[in-house]
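Residues in the sequence shown are numbered from 12 upward in steps of one, following my numbering. Single-structure report; data block below.
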Amino acid sequence: MRAFALVFVYSLGLSQLPEQNPDFAAVKGIRNFLDSDLSKIAVGYEVLYGVTDESHFEQAYKAGLLLQKTLARGRHESAIHPDFDRKDLKTGAYKNNAFLKGLSTANRELRKIVSEFPDPNERVQHIIHLYTQYPIHTPTILAAAATQRELGNHFSADQLVRLAMSLETEQAYWPLLVAQAEMARANGNFEQGLFYLTEAVKIRFRSNTAKEMLRAWEHERSESQGDASKLAVLGDLPSLKKMGKKPDVMFAMGEVYERRRFRIDATKAFLDAVKYSESNMYHALTRAANNAIDQYALQNVSKTARKLAESGVSDPHVVTLATMDDKYTTDDRIFMLTKIVSDFPDHVDARIRLIAAMVEYGDSEAILNHARILMDRQPNSENTLRYVDLCQAENEIHAAVTCYFDNLTNFKSDHVYLAYGCKLIANMGDQALLQHRERLTYELIREGLYRAKAFEFERGVNLIERAAKVWDQPELGLLAANIYYSNGRLVSALPHYEAAVLRHPDSSSLHELLGDSYFANNQMMKAVDAYEKSEGRATIFL
12 MRAFALVFVY SLGLSQLPEQ NPDFAAVKGI RNFLDSDLSK IAVGYEVLYG
62 VTDESHFEQA YKAGLLLQKT LARGRHESAI HPDFDRKDLK TGAYKNNAFL
112 KGLSTANREL RKIVSEFPDP NERVQHIIHL YTQYPIHTPT ILAAAATQRE
162 LGNHFSADQL VRLAMSLETE QAYWPLLVAQ AEMARANGNF EQGLFYLTEA
212 VKIRFRSNTA KEMLRAWEHE RSESQGDASK LAVLGDLPSL KKMGKKPDVM
262 FAMGEVYERR RFRIDATKAF LDAVKYSESN MYHALTRAAN NAIDQYALQN
312 VSKTARKLAE SGVSDPHVVT LATMDDKYTT DDRIFMLTKI VSDFPDHVDA
362 RIRLIAAMVE YGDSEAILNH ARILMDRQPN SENTLRYVDL CQAENEIHAA
412 VTCYFDNLTN FKSDHVYLAY GCKLIANMGD QALLQHRERL TYELIREGLY
462 RAKAFEFERG VNLIERAAKV WDQPELGLLA ANIYYSNGRL VSALPHYEAA
512 VLRHPDSSSL HELLGDSYFA NNQMMKAVDA YEKSEGRATI FL
């Protein structure tokens, strides 16, 4: 899987950008297996996203006119909407067209970044900067997605591909189709990936990349036939279904459903794997429990585990899952789970369930002791926060704060851990130490800025907004507003600018930013009022 991703990212370099400064007539003459309008849109994309030199503006202008005429029919949409006039070709006015100048600059800068920065860590920062300048430039978004995938940030990569899909709703830009194919395969949907590659091949502009990928995928599928584990890695569900109801096949199908986030189907497939063979029951039962979407589904899993336990299966993992069955009382659960953690001290899941069962009885000393053992044996953010939360519940505030900040360095990039710190400080009120407020504020801002730059605007700004509350510094709200503003999210920035103007009513620049935000939110009279209080902007409306 990793090797495939690297091959794809490599192909997304200069070879997968539209040809540089293509000839409009030559591109238009290529026969595509698309309907007439989509074919014309594809021609427009290939030329417009390829122009980098002003000497080729005439070719790009002709492509833009074709795209404009096609879109005017109203049957298709596009992220780019050129507003060209055919008379400009005769007068030469097209040479100074602002749209073409901006687009060619974005095309040129992206090619420069891709060619000059082989290191993805460097490249992503330059692409992010370019994106903030040209937020609807699809090639830049796709380059960012490929770079994020190269860095292993698959969630961010998928989000970027979806952003590009929302901009280019038509299947007429072949690099986007290839990116969609890669995303589909990464999420366990091999057949959908094949569909996108097949569609990409229909667009006959330098389609060798798509053809080579399609051949490689089909060869890999052929080589994997009969091997359930290989087909699961591919995400080839149709081939798995043809292999019958064997335990390894059902388990493999569960894995594919899990990657596709079809949790009901995943739970059923994993339980079927147990039904047909008990050799892999622990892994199958655990995966079934993890995918259970409600109490009913969870009861099916625990009932299966209970029947196995009653039949003589003594595996501690199976018995732990069996304790969730409604047949057992809380006393039964505590007895069974206590025995498991006594015999198997490192059994994390059993200890977690034991803590949950003991909470009903309020045995605080025993609960905190188990939580402390759990945190020591598996020191992750979830177990640490569980201990901190239990300390708070028992009014052990000092222990909670000490534990939280002792572990903050280890989990400073975990947004859930950081958000919990805000809750902890809020609960302490005036008792919160200055050093704790300062440190948490610093970590929130650091992580917030990083995430905002890494295309996770919402999460990044949310952390900065939390920092403003922890430190009681309204100016941090202005930082959040500026991040929203720089990414074109003026409506989200509006409440922050309103609050800032109340604190600094004489600031001309703040009134200007507030006016922009009102304007984006269609509050025109308020926008006029704000612009009148700034310098040099009121004339727009005169």
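Note that CB positions come from ideal geometry on N, CA and C, so glycine has one too. These numbers were taken from a predicted model, which means no experiment stands behind them.
Which of helix, strand or coil DSSP assigns to residue i
i: residue 120; result: helix
i: residue 553; result: Note that residue 553 scores 35 on pLDDT, short of 50, meaning its location in the model is unreliable and no value can be drawn from it.
i: residue 63; result: coil
i: residue 236; result: coil
i: residue 14; result: Here the model assigns residue 14 a pLDDT of 39, short of 50, so the residue's position is not dependable, and the following value carries that caveat. Helix at residue 14.
i: residue 7; result: This structure does not reach residue 7, given that the chain is present from 12 up to 553, and the question cannot be answered.
i: residue 256; result: coil
i: residue 513; result: helix
i: residue 407; result: coil
i: residue 151; result: helix
i: residue 503; result: helix
i: residue 139; result: helix
i: residue 92; result: coil
i: residue 246; result: coil
i: residue 145; result: coil
i: residue 55; result: helix
i: residue 30; result: coil
i: residue 110; result: helix
i: residue 324; result: coil
i: residue 394; result: helix
i: residue 303; result: coil
i: residue 129; result: coil
i: residue 527; result: helix
i: residue 272; result: coil
i: residue 199; result: coil
Residue from the options with nearest C-alpha to residue i
i: residue 187; options: 67, 171, 113 and 200; result: 171
i: residue 164; options: 467, 414 and 293; result: 467
i: residue 119; options: 150, 97 and 98; result: 150
i: residue 32; options: 57, 40 and 367; result: 57
i: residue 354; options: 241, 327 and 137; result: 327
i: residue 178; options: 425, 90, 225 and 245; result: 90
i: residue 556; options: 49, 363 and 332; result: Nothing can be reported for residue 556, as the shown portion of the chain is limited to 12 through 553.
i: residue 157; options: 197, 469 and 144; result: 197
i: residue 98; options: 73, 422, 92 and 116; result: 73
i: residue 59; options: 86, 30 and 84; result: 30
i: residue 215; options: 28, 494, 413 and 44; result: 44
i: residue 130; options: 155, 260, 242 and 115; result: 155
i: residue 205; options: 184, 230 and 181; result: 230
i: residue 405; options: 143, 370, 166 and 393; result: 370
i: residue 36; options: 46, 64 and 77; result: 77
Endpoints, the alpha helix (DSSP H) within which residue i is located
i: residue 341; result: 341 to 354
i: residue 578; result: An answer regarding residue 578 cannot be provided, because it is not within the stretch 12 to 553 covered by the chain.
i: residue 180; result: Segment: none, residue 180 is in no alpha helix (DSSP H) and carries neither H nor E.
i: residue 364; result: 359 to 369
i: residue 99; result: 98 to 102
i: residue 539; result: 535 to 543
i: residue 494; result: 486 to 497
i: residue 446; result: 445 to 464
i: residue 439; result: 426 to 439
i: residue 338; result: Taken as a continuous stretch (DSSP letters only), residue 338 belongs to no alpha helix (DSSP H), as it is neither H nor E.
i: residue 467; result: Where residue 467 is concerned, there is no enclosing alpha helix (DSSP H), given that its DSSP letter is neither H nor E.
i: residue 68; result: 68 to 83
i: residue 162; result: That residue, residue 162, is in no alpha helix (DSSP H); it is neither H nor E in DSSP.
Residue i versus residue j: straight-line alpha-carbon distance, rounded
i: residue 478; j: residue 505; result: 18 Å
i: residue 416; j: residue 542; result: 45 Å
i: residue 256; j: residue 287; result: 8 Å
i: residue 95; j: residue 42; result: 25 Å
i: residue 358; j: residue 126; result: 51 Å
i: residue 481; j: residue 305; result: 36 Å
i: residue 376; j: residue 446; result: 29 Å
i: residue 513; j: residue 520; result: 13 Å
i: residue 554; j: residue 145; result: Beyond the ends of the chain as shown, which are 12 and 553, falls residue 554; an answer cannot be given.
i: residue 430; j: residue 383; result: 22 Å
i: residue 308; j: residue 436; result: 38 Å
i: residue 499; j: residue 530; result: 12 Å
i: residue 51; j: residue 433; result: 54 Å
i: residue 274; j: residue 352; result: 30 Å
i: residue 258; j: residue 140; result: 50 Å
Residue i CB to nearest heavy atom of the ligand MG below 6 Å
i: residue 394; result: For the structure depicted, the ligand MG is absent and the ligand set is empty, with no information on it obtainable.
Rounded Cβ spacing between residue i and residue j (contact assumed at less than 8 Å)
i: residue 458; j: residue 426; result: 7 Å
i: residue 211; j: residue 227; result: Not confirmed; about 14 Å, so no contact.
i: residue 509; j: residue 525; result: 7 Å
i: residue 265; j: residue 284; result: 6 Å
i: residue 470; j: residue 462; result: 5 Å
i: residue 402; j: residue 385; result: At roughly 13 Å, the Cβ-Cβ gap does not stay under 8 Å, so residue 402 and residue 385 are not in contact.
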